[in-house]
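Residue numbers (this note's numbering), protein chains in the order written: chain A, 1 to 210; chain B, 1 to 300.
This is the structure:
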């Protein structure tokens, strides 16, 4: 049995729900650390960064699923919804820490979104992902139809790109890390344009909705 | 000296050693009230309760050791500071390579509790020890044509992971106009809380210019040059639109990517309130005259 087959067999028995459990658990744990002074002397900034980075990492994970299936036949699509929703969860936390704990006033929030380009695009990415989070359920797929749902969820591509640019744009100097994320995301988007060889083993038609 | 700065805060205002060593535990145990009332009242009245040594030495920008705020505390122990030699050159009467102790010998040591405002919109209060830069300049003998002082930070690639990954160009360089450098508020600091300067804070000797954004206060100085030309400064060279030569704290002139109108004092925890940033970081009475007639929006 090939590695791909073994992984595909395993994913039938490994459920997706622990992703939510671990995700929200980790989110709460980080907040708890911040509350207790264990994220350094500036916990607000630390939480902002941790939550933002986790958002980007989870979004990258959702981008890996399709090329992985195309090029290796490993199908992790069962976990993509949980990864995407968890990314949105961390994005929400990132936004709330910024708005409530960091800026602390509606007028400041408005001014920052309008006046600072890196915040404008970060906020745009947040807005783009709201309809995707809202429709990440089986009922929405039925209502929109598979085609319409897939078309809507192509919004992840611009949203992830905006998120990566947001990261590159906010740092001082030229540290490597944000550019690595941007590079990885561009590569994962570009690989979708490479003509596909037909996967030897097609996922069953219903896999998307599981 | 006529213009010598008189310090209205004394050793009594510096948090007693047993308190800054244990502030976190005390805060945890007694809700902070005892710790607060135990520190000097005059400093408190000015909103100048110093941050703890732990806070001051674990949240740093020292890109030679990495871009993370915790990187300097993690890696700076590798910095080699003994022996330490400072090259003094340019338009001075007594140029040469000075051992640190020789450069400082005979100078009056100072304790200063200063606000410290980072360009990233956070701030601290730090009880520095050091000497006035003006005294050092007098010692080395500034020649009449000199108009600027340039500084350079040490580069020890084998000890500095950030230098090896070249996040910004090194050596880090900074500079002041001569009248700024001679201002009695301007320090060459060698310690904090009466202790030798922690390496992550720029041991063994660093500049402190309290009315300017923190990046002007260059760390671990190995070269002082007197010149008649405005010297290049690292962040200005990297991004002149965002970082000017002067970089005076100014709540009315925003950094292009964030507001400078308010700041957050380090140490307030997860629910710390923002506070308004003060013009010249609260030192306007002392330094505003240096910039009389200058457009501070142009000369940011």
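No residue lacks a Cβ here, since even glycine has one placed at the ideal position from N, Cα and C.
For residue 44(A), the C-beta contacts it makes with chain B under 8 angstroms involve 264, 270 and 272, in order along the chain. Straight-line measurement puts the Cα of residue 156(A) at about 10 angstroms from the Cα of residue 130(A). The Cβ-Cβ distance between residue 160(A) and residue 185(A) falls below 7 angstroms. Contact between the segment 114 to 122 of chain B and the segment 131 to 138 of chain B is not established, with fewer than three Cβ pairs separated by less than 8 angstroms. With a beta-carbon spacing of about 5 angstroms, residue 95(B) and residue 89(B) fall inside the 8 angstroms limit used to define contacts.
A distance below 7 angstroms separates the beta carbons of residue 72(B) and residue 62(B). DSSP links residue 227(B) through a beta bridge to 148(B). Taking C-beta atoms under 8 angstroms as the contact rule, residue 146(B) and residue 228(B) qualify, at a distance of about 6 angstroms. Shown here, residue 212(B) sits in a strand according to DSSP, grouped into three states.
Residue-level contact by beta carbon holds for residue 167(B) and chain A, with a gap shorter than 7 angstroms. Here residue 113(B) is buried, its C-beta having at least 16 other C-beta atoms within 10 Å.
In the structure shown, residue 23(A) adopts helical secondary structure according to DSSP, grouped into three states. Minimum Cα-Cα distance from residue 104(A) among the listed residues 172(B), 263(B) and 48(B) corresponds to 263(B). In this chain, residue 131(A) is not harboured by any beta strand (DSSP E); it is covered by the alpha helix (DSSP H) spanning 117 to 134. With contacts defined as CB atoms closer than 7 angstroms, residue 161(B) and residue 81(B) fail to qualify as a contacting pair. The Cβ atoms of residue 179(B) and residue 141(B) lie no closer than 7 angstroms to each other. For residue 202(B), no chain A residue has a C-beta closer than 8 angstroms to its own C-beta; the minimum C-beta separation is roughly 18 angstroms. Residue range 122 to 132 is occupied by the beta strand (DSSP E) that includes residue 127(B). Its chain contains 207, 208 and 209 as the residues whose beta carbon lies nearer than 6 angstroms to that of residue 217(B), once the 5 sequence neighbours on both sides are disregarded; these appear in chain order.
Less than 7 angstroms separates the beta-carbon of residue 131(B) from that of residue 104(B). In this model, residue 88(A) and residue 133(A) are separated by some 7 angstroms (Cα to Cα). Proximity of residue 84(A) to chain B, defined by a Cβ-Cβ separation below 7 angstroms, is not satisfied.
Beta-bridge annotation (DSSP): residue 262(B) is paired with 276(B).
DSSP places residue 93(A) in no beta strand (DSSP E) but in the uninterrupted alpha helix (DSSP H) bounded by 80 to 96. Taking a Cβ-Cβ cut-off of 7 angstroms, the neighbours of residue 122(B) in chain A comprise 42, given in sequence order.
For residue 71(B), the secondary structure class from DSSP, reduced to helix, strand or coil, is helix. Per DSSP, the continuous beta strand (DSSP E) segment holding residue 189(B) begins and ends at 187 to 192.
Separation of the CB atoms of residue 172(B) and residue 153(B) is rounded to 4 angstroms, and the pair is thereby assigned contact status at 8 angstroms. Comparing alpha-carbon positions, the option among 27(A), 84(A), 17(A) and 189(A) lying closest to residue 93(A) turns out to be 27(A). Counting only Cβ-Cβ distances below 8 angstroms, residue 238(B) has contacts in chain A at 173, in chain order. Residue nearest to residue 10(A) within the set 114(A), 168(A) and 74(A) is 74(A) (criterion: CA-CA distance). Rounded to the nearest whole angstrom, the CA to CA distance from residue 213(B) to residue 194(B) is 24 angstroms. At a cut-off of 7 angstroms between beta-carbon atoms, residue 34(A) makes contact with chain B. Interface with chain A (7 angstroms Cβ-Cβ cutoff): residue 244(B) is excluded. A residue is called buried once 16 or more other Cβ atoms fall within 10 Å of its Cβ, and residue 106(A), having fewer, is exposed.
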